[in-house]
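Heads up: the structure comes next, in structure tokens.
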Amino acid sequence: YFKKTIDYRENVTNKLSEKFYRRHKVEEIEYGPEVTKELSKKVLMVTKYCIKNELLLCPFDPLHKKSDYLEPLYLADRSNRYKLEFHCAECEMHILSD
């Protein structure tokens, strides 16, 4: 494997996946959030879909208007709130646990 350290995004959630990475010389393994139950301030999803673009607020699109929204922006459901981070140069939106 090309890394010596992997984090929760590699989705190690059981002993078989840990064994695989150990066999490939990974030295430090962080288990996935399904196991650790630790989601605080972690990136849950990276998407090319962007709310700024949907609202015509993309800073890279000359046809879009200047944003009057104060950042950070959030998505919410009945029980959770998710912070949005915009990585406009890569045209990505990151959804984080709050």
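Going by this note's numbering, the sequence shown opens with residue -9, and the numbers climb by one from there.
Yeah, the Cβ is synthetic: ideal placement off N, Cα and C, and Gly gets one too.
Where residue i sits in the DSSP three-state scheme
{"i": "V16", "result": "coil"}
{"i": "V25", "result": "helix"}
{"i": "F10", "result": "helix"}
{"i": "K73", "result": "strand"}
{"i": "Y39", "result": "coil"}
Span separating the alpha-carbon of residue i from that of residue j
{"i": "L29", "j": "Y64", "result": "16 Å"}
{"i": "V36", "j": "E82", "result": "7 Å"}
{"i": "P23", "j": "C78", "result": "27 Å"}
{"i": "P49", "j": "N70", "result": "28 Å"}
{"i": "K5", "j": "Y11", "result": "10 Å"}
{"i": "L53", "j": "P62", "result": "23 Å"}
{"i": "H84", "j": "D67", "result": "17 Å"}
{"i": "K31", "j": "D88", "result": "6 Å"}
{"i": "K27", "j": "Y72", "result": "16 Å"}
{"i": "C40", "j": "D58", "result": "16 Å"}
{"i": "Y21", "j": "E80", "result": "27 Å"}
Min CB distance residue i to chain B below 7 Å
{"i": "Y59", "result": "As a matter of chain content, chain B is missing from the structure shown, which is built from one protein chain."}
Pair within 7 Å by beta-carbon distance, residue i and residue j
{"i": "L46", "j": "K55", "result": "yes"}
{"i": "H14", "j": "Y(-9)", "result": "yes"}
{"i": "L86", "j": "V33", "result": "yes"}
{"i": "I19", "j": "E8", "result": "yes"}
{"i": "R76", "j": "K42", "result": "At residue 76 the sequence reads Phe, which differs from the Arg that was named. A contact, by the Cβ cut-off of 7 Å."}
Rounded distance between the beta-carbons of residue j and residue i, thought under 8 Å
{"i": "K(-7)", "j": "V16", "result": "7 Å"}
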